[in-house]
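> Residue numbers for the sequence shown follow the numbering used here, beginning at 559 and rising by one. Ideal Cβ positions, reconstructed from N, Cα and C, are used throughout, including at glycine. I'd like to ask you about the structure that follows.
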Amino acid sequence: MRTLVLSLLLSVVAATASAQIGVTGFRNFNDAYTRAGGSVLDLEYGDGAEIALNYWFRLPKKRVEFLPTVYYASTGGETPWSEYGFQFKTNVYPFDFGTDCDCPTFGKQGPQLQKGLFIQVSPGLANHHRAEGENTAVQNKIVPNVGAGIGIDFGVSNLLTLTPLVSVRHTLADFTDTGSVDESGDVAEGVNGRLTTVQIGVQATFRLDKKRY
Numbered sequence: 559m560r561t562l563v564l565s566l567l568l569s570v571v572a573a574t575a576s577a578q579i580g581v582t583g584f585r586n587f588n589d590a591y592t593r594a595g596g597s598v599l600d601l602e603y604g605d606g607a608e609i610a611l612n613y614w615f616r617l618p619k620k621r622v623e624f625l626p627t628v629y630y631a632s633t634g635g636e637t638p639w640s641e642y643g644f645q646f647k648t649n650v651y652p653f654d655f656g657t658d659c660d661c662p663t664f665g666k667q668g669p670q671l672q673k674g675l676f677i678q679v680s681p682g683l684a685n686h687h688r689a690e691g692e693n694t695a696v697q698n699k700i701v702p703n704v705g706a707g708i709g710i711d712f713g714v715s716n717l718l719t720l721t722p723l724v725s726v727r728h729t730l731a732d733f734t735d736t737g738s739v740d741e742s743g744d745v746a747e748g749v750n751g752r753l754t755t756v757q758i759g760v761q762a763t764f765r766l767d768k769k770r771y
C-alpha cells in the first residue's frame with residue numbers, strides 16, 4: 559500500500575512539473591435583460607471582477623490550444639450576485655496555425671503578431687447566485703454559456719507569458735427567477751433573465767516543464 563501511495567504522489571508531482579497553468583484576472587461589464595410581454599427589460603446586475611484558473615495543453619502539430627478553466631465572478635451594489643463555472647476555452651492561432659511551435663515561451667517566439675495572436679471560443683456551464691437581502695431571495699441555477707474573444711501572447715521569459723485579452727460571454731438559458739420577497743416572506747412570481755458579460759483582462763501563464771525549453 560505504501561508503494562502504491564508513493565507511486566501516485568510521484569505521478570501527480572511529475573504531471574505538475576510538466577504542466578502549463580494560467581491565472582487570469584478580468585474586469586467584467588455585465589448587461590442582464592429579460593423578455594416580458596414582448597419587451598426587453600433591463601435587470602439589476604452590476605459590473606464586477608473575475609478570477610480564473612486554467613490548465614494548458616495543445617494539438618501536437620497545429621496551433622490549437624486547449625485551456626479547461628474554472629472561474630469565480632462577483633458584483634457589488636445593493637443586490638450583489640456571484641457566479642462560478644467552468645469553460646473549455648480553445649485558442650486558435652490563425653497566422654501560425656500550421657506550425658508545431660512549442661509555445662508560449664520566450665525562446666520560441668517569432669514575430670509577435672504571427673506567433674502570439676489567437677481567437678478564442680469557450681463553451682461552458684455556470685451557477686448564478688443572488689445573495690439574500692431585504693427584498694430578494696437566494697436563487698441558484700446552473701445554465702450553459704458560450705464565449706468568444708481575442709488575445710495576444712507576450713513571452714516575458716521561458717517561465718512566464720502574459721496575455722492581454724478581450725472576450726464576451728453570454729448565457730444560453732434563463733439564469734434566475736428575479737422574483738421579490740413579499741411581506742409574508744414568500745417569493746412573488748418573477749421573470750427570467752439572461753446575462754451578457756464583456757471581459758477585459760490579463761492572463762499569466764506559468765510553464766513548469768523547464769527541460770523542454
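Just mark E747 as buried or exposed, buried being the case when its beta carbon has 16 or more other beta carbons within 10 Å.
Its pLDDT being 48, under 50, E747 is placed unreliably by the model, and nothing is read from it.
> In chain order, what residues of the same chain lie with their CB nearer than 6 Å to the CB of E623, ignoring the 5 residues before and after it?
R616 and N649
> Do Y651 and R688 come within 8 Å of each other at the CB atom, strictly closer than that value?
No.
> How do the segment 714 to 722 and the segment 677 to 685 stand: do at least 3 beta-carbon pairs fall below 8 Å, yes or no?
no
> Do you know whose CA, among V679, N586 and Q578, lies nearest T755's CA?
N586
> What separation, rounded to the nearest whole angstrom, lies between the Cα atoms of A631 and P618?
Taking C-alpha positions only, A631 is separated from P618 by approximately 33 Å.
> Under the rule that 16 or more other beta-carbon atoms within 10 Å means buried, what is L730, buried or exposed?
exposed
> For G643, which of helix, strand or coil comes out of DSSP?
strand
> If you count every other CB in all the chains shown that lies within 10 Å of the CB of V515, and 16 or more means buried, which is it?
Absent from the structure is residue 515, since the part of the chain shown begins at 559 and ends at 771.
> At the 8 Å Cβ level, is G713 part of the contact set with chain D, yes or no?
Included in the structure is just one protein chain, with no chain D present.
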